[in-house]
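What follows is one structure encoded as structure tokens, with my remarks underneath.
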Amino acid sequence: MIRLTTQTDPPDATHWSCRSMARAVGTTHSFVNTVWRSAGLKPHLWRTFKVSTDPRFEEKLQDVVGLYLDPPDNAVVFSFDEKGSV
Numbered sequence: 537m538i539r540l541t542t543q544t545d546p547p548d549a550t551h552w553s554c555r556s557m558a559r560a561v562g563t564t565h566s567f568v569n570t571v572w573r574s575a576g577l578k579p580h581l582w583r584t585f586k587v588s589t590d591p592r593f594e595e596k597l598q599d600v601v602g603l604y605l606d607p608p609d610n611a612v613v614f615s616f617d618e619k620g621s622v
């Protein structure tokens, strides 16, 4: 289970879930969760930076970085992520 988690991707998904791994190895999702927790595995967390597919990403990135590097006088810069859980 650990080898599958760390060295393979599930069919039709970007990462293993407890339930997809449980189906693949023939056990319960709670057992998969126990094994992953004991091994410190969190397949839902990416270890690499994901670049946006937004066609205007570069333009927006330059605007945001510009605000941080050279903010206007008396400015307050807020940053919001489109994901509610972040």
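Each position in the sequence shown, counted from 1, maps to that position plus 536 in my numbering. For each residue, glycine too, the CB sits at the ideal point set by N, CA and C.
Next item on the list: Give every residue of the same chain whose Cβ lies closer than 8 Å to the Cβ of Lys-578, excluding the five residues on either side of it in the sequence, and list them in chain order.
Entry: Trp-572
Neighbour-count burial assignment, Thr-589, 16 or more Cβ in a 10 Å radius: exposed
task: Indicate the three-state DSSP secondary structure (helix, strand or coil) for Glu-595 in the structure shown.
output: helix
task: For Arg-555, collect the residues of the same chain with a Cβ closer than 7 Å to its Cβ; drop the 5 residues on either side in sequence, then sort them by chain order.
output: His-565
8 Å Cβ cutoff met for Leu-540 and Ala-560:
yes
- Look at Val-568 and Ala-558 and say whether their C-beta atoms are less than 8 Å apart. yes
Quiz item: Hey, would you say Val-613 sits closer than 8 Å to Leu-603, going by beta carbons?
Solution: yes
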